[in-house]
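Line by line, the protein sequences are chains A and B. Its first residue numbered 1495, the first sequence is counted upward by one per residue in this note's numbering. Its first residue numbered -3, the second sequence is counted upward by one per residue in this note's numbering. The beta carbon of each residue, even a glycine, is placed where N, CA and C say it ideally should be. The structure displayed is predicted, hence computed values, not measured ones.
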Amino acid sequence: MSAEANMTTTNTVTPNTINIDGQDIPFKNGQTIMDAALAAGVYIPHLCHKPGLTPHGSCKLCTVDIGSRSMSTSASDRRTQTKFSVDIDRRSVSACTTPAVAGQQISNDTPALNEVRKTITQMLFIEGNHLCPACEKTGNCTLQAVAYHLGMLDGHFPQFFPRREVDASHPTVMLDLDRCILCELCVRASREVDGKNVFAIAGRGINAHLIVNSPSGKLVDSDLETGDMAVHICPVGAILIKEHGYEVPIGRRTFDLHQVGEIGLEPVILAKARHTNE
Amino acid sequence: MEQNATSPTNKGQPPNLRRVAIDPVSRVEGHGKITLMLDTENHIHEARLHIVEFRGFEKFIQGRPYWEVPFFVQRLCGICPVSHQLAAAKAVDQIVGVEQLTPTAEKLRRLLHFGQTLQSHALHFFHLSSPDLLFGFGSDPAQRNIVGVLDKYPELALKGVKLRKYGQQIIEAISGKRIHGTATVPGGMNKALGIAERDALLAGINDILSWSSDALALNEQIHTKNPEHYRFGTIRSNFLSLVGSKGALELYHGGLRARKADGADIFDQFDYRGYQSVIREEVRPWSYMKFPYLVELGKEQGWYRVGPLSRVNNCDSISTPLAEAARKRFKEFGQGGFVHDTLAYHWARMIEALHCAESIHGLLHDPDIIGTDLVAAHGDKRSSGIGVIEAPRGTLFHHYQINEEGLIAKANLIVSTTSNNQAMNESVRSVANAYLDGHEITEGLLNHLEVAVRAYDPCLSCATHALGKMPLQVELLDADGTLLDRLTKGSNGVIERTL
Chain A
1495 MSAEANMTTT
1505 NTVTPNTINI
1515 DGQDIPFKNG
1525 QTIMDAALAA
1535 GVYIPHLCHK
1545 PGLTPHGSCK
1555 LCTVDIGSRS
1565 MSTSASDRRT
1575 QTKFSVDIDR
1585 RSVSACTTPA
1595 VAGQQISNDT
1605 PALNEVRKTI
1615 TQMLFIEGNH
1625 LCPACEKTGN
1635 CTLQAVAYHL
1645 GMLDGHFPQF
1655 FPRREVDASH
1665 PTVMLDLDRC
1675 ILCELCVRAS
1685 REVDGKNVFA
1695 IAGRGINAHL
1705 IVNSPSGKLV
1715 DSDLETGDMA
1725 VHICPVGAIL
1735 IKEHGYEVPI
1745 GRRTFDLHQV
1755 GEIGLEPVIL
1765 AKARHTNE
Chain B
-3 MEQNATSPTN
7 KGQPPNLRRV
17 AIDPVSRVEG
27 HGKITLMLDT
37 ENHIHEARLH
47 IVEFRGFEKF
57 IQGRPYWEVP
67 FFVQRLCGIC
77 PVSHQLAAAK
87 AVDQIVGVEQ
97 LTPTAEKLRR
107 LLHFGQTLQS
117 HALHFFHLSS
127 PDLLFGFGSD
137 PAQRNIVGVL
147 DKYPELALKG
157 VKLRKYGQQI
167 IEAISGKRIH
177 GTATVPGGMN
187 KALGIAERDA
197 LLAGINDILS
207 WSSDALALNE
217 QIHTKNPEHY
227 RFGTIRSNFL
237 SLVGSKGALE
247 LYHGGLRARK
257 ADGADIFDQF
267 DYRGYQSVIR
277 EEVRPWSYMK
287 FPYLVELGKE
297 QGWYRVGPLS
307 RVNNCDSIST
317 PLAEAARKRF
327 KEFGQGGFVH
337 DTLAYHWARM
347 IEALHCAESI
357 HGLLHDPDII
367 GTDLVAAHGD
377 KRSSGIGVIE
387 APRGTLFHHY
397 QINEEGLIAK
407 ANLIVSTTSN
417 NQAMNESVRS
427 VANAYLDGHE
437 ITEGLLNHLE
447 VAVRAYDPCL
457 SCATHALGKM
467 PLQVELLDAD
477 GTLLDRLTKG
487 SNGVIERTL
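Written as structure tokens, this is what we have:
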């Protein structure tokens, strides 16, 4: 029998619930912490997650702490012949990729975690060229909204000022790699929703970058179409419909009207990206 | 770094004059630097206002999509971003094949532009120039600022603040923000003006008309009653501006009119899309700012002035009654000809401010202004667009070429202060000749030079001399290029001799 099987919690656990910041939240088998939280109306900051797409766990903004569950062995440790009591599973995990397990005690909206999330967001900003004041996605940009949500006031770190290309070869879609945060939402949407494989990530570490799967590497030679989910799912201004910028006046943009922490915003964000009414 | 004068632009200069190029290390944003060069007779031979700030917008918008440009280039300025947005938007209209906006879109753009010009002119007179004009050029610098005006003339100063605020309210109602909003889209506007927004603006317009009239009366009186003002830094120049189809004052759209100092036509009703055939730009190594000139008159004689003085001189009429009456008095002062006084810029600026207030009044009562037909149908895509507008400081040119993917391939901007470049040098020379005594730069001379530069309302001044404390350095060189004196005024107002 494994050591885990020997363990019993000293807390009373309601079957099929997890606890986030003191709130019991039900979950169904197979759901992640993020799935359960969203279903219960609890916001965990995230950028690379979209319900319906395979979780990816790359942006790390949804990092939560699991722990504070007092655990003890039900039998003596075979080596020490002593009983012990520790937080054996206290750790930081990505909420979007970690399965919900009954009894998990999860810290989410804490000053320490939000500070770490802010630092991650600052790094996303300084790694690219995010010129919010003139960007057509401003006000509709989830990265910008998350930065506001976390109280980010500056980039903190020195700017990388990378030299990245604009691919405007496609007749209706533009790719501005200055703003790509490598969330892979477009990669997954193209593969899993559109049934295509237009985008991929190449390179490793700091050299990782979005590429287009076409003979020339250009969008115009791919099978991307304006109506594809991959075109509209970008949380920043990296993939845009050409010639439609700034059509939504200030005051009516997504995050003029909504907080990023509101649950169920996906249809609103998608409608703005598609330039249709909410 | 020093060089001997060898460029064609120095033709006709005494051989022993020397040219001083500014080391880029000395670039400090917002600082003005003036070099006065004496000839062998110890007269001011040449004055150079060095603009040493480098912005580089023409270069770094290359490769950006054309529809982004109005919002990128408006970041050139925090005082007149609307002018840059509108000039670029006019160029973008041409790129998407729109020749005529819908009536509502054009009137919204005009209203936006009138609001912008009103607030900019109010800012310049009340905040920046009124301290000089009300207290005198040589008065105590501790008092000669907006705080001093608030202290001694509180009612006047508050009117100035409220005039500016009203202009900004118009900008906010149309573009969403008081500074750097978004209003234009290719071929139109992105938002209708709501009835409640229109009514809120209507509620304040009568005060605005009254205060604009008062400001004009004050400027008119200051200028016409004081020889010290109307003789100050007077230079004769050519004038360039847009005018309406019947020669009326026009701030948003029209044909180019250039006239010589005596009023003779150089060209009139010229389609600005052909501007490159009538205006060229000269580069001089000592300034990042180019020197535009009228091709017909050549580099030496072709410099011109733009802005309120040029517009009010150049136009045949003004469409609003109070401003038109003021223009006629202005013309009478010039005895029918052009008024060339440098400080008449202030007077002309307030005539325009009143015109803006009257025009805003008219537009707010126009039913089209709350219409919802905002975007004209696009035509065939074109590879270039040229937008020209009369910004508060003068004629503003935006010229863009795009590639087949819709990205900017080339851009050329001639901003108003650039057009006034040579004129500012000439005014500085005129003032320096009148007030330089011997080989020493006095605080009084520095103050007078500052007043001459400020009359043009250059971006340099706007950007940096809040509270009337424009950082400025003046150098005096003899015919051998030897530095005779140097006086520096910091942004804290402290003056130091730094020779």
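- Query: In the DSSP assignment, what are the bridge partners of residue 386 of chain B?
  - Reply: According to DSSP, residue 386 of chain B bridges with B/391.
- Task: Quickly, what does DSSP pair residue 313 of chain B with across the bridge? List them, please.
- Result: B/244
- Could you check if residue 337 of chain B is buried or exposed, using at least 16 other CB atoms within 10 Å of its CB as the buried criterion? By the C-beta density criterion, residue 337 of chain B is buried, having at least 16 other C-beta atoms within 10 angstroms.
- Does DSSP put residue 485 of chain B in a helix, a strand or coil? strand
- Message: Determine, for residue 1627 of chain A, whether the minimum Cβ-Cβ distance to residues of chain B falls below 8 Å.
- Response: yes
- Item | Residue range of the unbroken alpha helix (DSSP H) whose run includes residue 130 of chain B | 126 to 131
- Message: the ligand FMN and residue 482 of chain B: does the residue's C-beta get closer than 7 Å to at least one heavy atom of that ligand?
- Response: Of ligands this structure carries none, so the ligand FMN is not represented either.
- Grouping DSSP H, G and I as helix and E and B as strand, with all else coil, what is residue 1657 of chain A? coil
- Give the C-beta separation of residue 162 of chain B and residue 200 of chain B to the nearest angstrom, bearing in mind that I take them to be a contact with Cβ-Cβ under 8 Å. 6 Å
- Task: Whole angstroms is fine: what's the gap from residue 100 of chain B's alpha carbon to residue 87 of chain B's?
- Result: Taking C-alpha positions only, residue 100 of chain B is separated from residue 87 of chain B by approximately 19 Å.
- Item | Whole-number beta carbon distance between residue 1733 of chain A and residue 1667 of chain A, since they are thought to touch under 8 Å | 7 Å
- Just to confirm, are residue 226 of chain B and residue 129 of chain B a CB contact at a threshold of 8 Å? no
- Sub-8 Å separation of residue 166 of chain B and residue 111 of chain B beta-carbons: yes
- Task: Following the continuous beta strand (DSSP E) through residue 278 of chain B, name the residue where it begins and the one where it ends.
- Result: 275 to 278
- Less than 8 Å separating the beta-carbons of residue 472 of chain B and residue 480 of chain B? yes
- Using the Cα positions of residue 333 of chain B and residue 94 of chain B, report the straight-line distance between them to the nearest angstrom. 39 Å
- Query: Using the beta-carbon of each residue, which ones in chain B are nearer than 8 Å to residue 1660 of chain A?
  - Reply: Here the neighbours are 59, 60, 61, 403.
- Message: For residue 1773 of chain A, tell me which candidate among A/1540, A/1515, A/1553 has the shortest Cα-Cα distance.
- Response: Absent from the model: residue 1773 of chain A. The displayed extent of chain A is 1495 to 1772, so no value can be given.
- Item | Residues sharing a beta bridge with residue 46 of chain B, DSSP | B/29
- Query: Secondary structure at residue 452 of chain B, three-state DSSP: helix, strand or coil?
  - Reply: coil
- Query: Under the rule that 16 or more other beta-carbon atoms within 10 Å means buried, what is residue 1504 of chain A, buried or exposed?
  - Reply: With a pLDDT of only 47 at residue 1504 of chain A, under 50, the local geometry of the prediction cannot be trusted, and no value is derived from it.
- Task: Pick out whichever of B/386, B/407, B/366 has its Cα sitting closest to the Cα of residue 197 of chain B.
- Result: For the residues B/386, B/407, B/366, the minimum Cα distance to residue 197 of chain B belongs to B/366.
- CB residue 1526 of chain A to CB residue 1610 of chain A, shorter than 8 Å? The answer is no: Cβ separation not under 8 Å.
- Applying a beta-carbon distance threshold of less than 9 Å, which residues of chain B neighbour residue 1740 of chain A? 63, 64, 66, 67, 178, 179, 180, 181, 186
- If we cut at 8 Å on Cβ distances, does residue 1745 of chain A have a partner in chain B? yes
- Task: Could you check if residue 281 of chain B is buried or exposed, using at least 16 other CB atoms within 10 Å of its CB as the buried criterion?
- Result: exposed
- Message: On the CB-based measure, 16 or more other CB atoms within 10 Å of its CB, does residue 1643 of chain A come out buried or exposed?
- Response: It counts as buried.
- Query: What are the residues of the stretch 154 to 178 of chain B that lie near chain A, defined by any Cβ-Cβ distance shorter than 8 Å?
  - Reply: 171, 172, 173, 176, 177, 178
- Assigned exposure category for residue 297 of chain B - 16 Cβ within 10 Å defines buried: It is exposed - the Cβ of residue 297 of chain B has fewer than 16 other Cβ atoms within 10 Å.
- Query: Since residue 1528 of chain A is in the alpha helix (DSSP H), which residue starts that stretch and which ends it?
  - Reply: 1527 to 1533
- Determine the contact status of residue 391 of chain B and residue 238 of chain B, defining contact as a CB-CB distance below 8 Å. Yes, they are a contact pair.
- Message: Strictly below 7 Å CB to CB, what residues from chain A border residue 71 of chain B?
- Response: 1627, 1628
- Decide yes or no for the touch test of the stretch 1644 to 1653 of chain A against the stretch 1664 to 1680 of chain A: beta carbon pairs closer than 8 Å, at least 3 of them. no
- Query: Where does residue 396 of chain B sit, in a helix, a strand or coil, going by DSSP?
  - Reply: Residue 396 of chain B falls in the strand class under three-state DSSP.
- Task: Could you pull out every unbroken alpha helix (DSSP H) segment of at least 4 residues lying fully inside the stretch 60 to 102 of chain B, listed in chain order?
- Result: Fully enclosed alpha helix (DSSP H) runs of no fewer than 4 residues occupy 65 to 69, 77 to 91 of the stretch 60 to 102 of chain B, in order along the chain.
- Item | Of the residues A/1756, A/1636, A/1627, the one placed nearest residue 71 of chain B, counting alpha carbons only | A/1627
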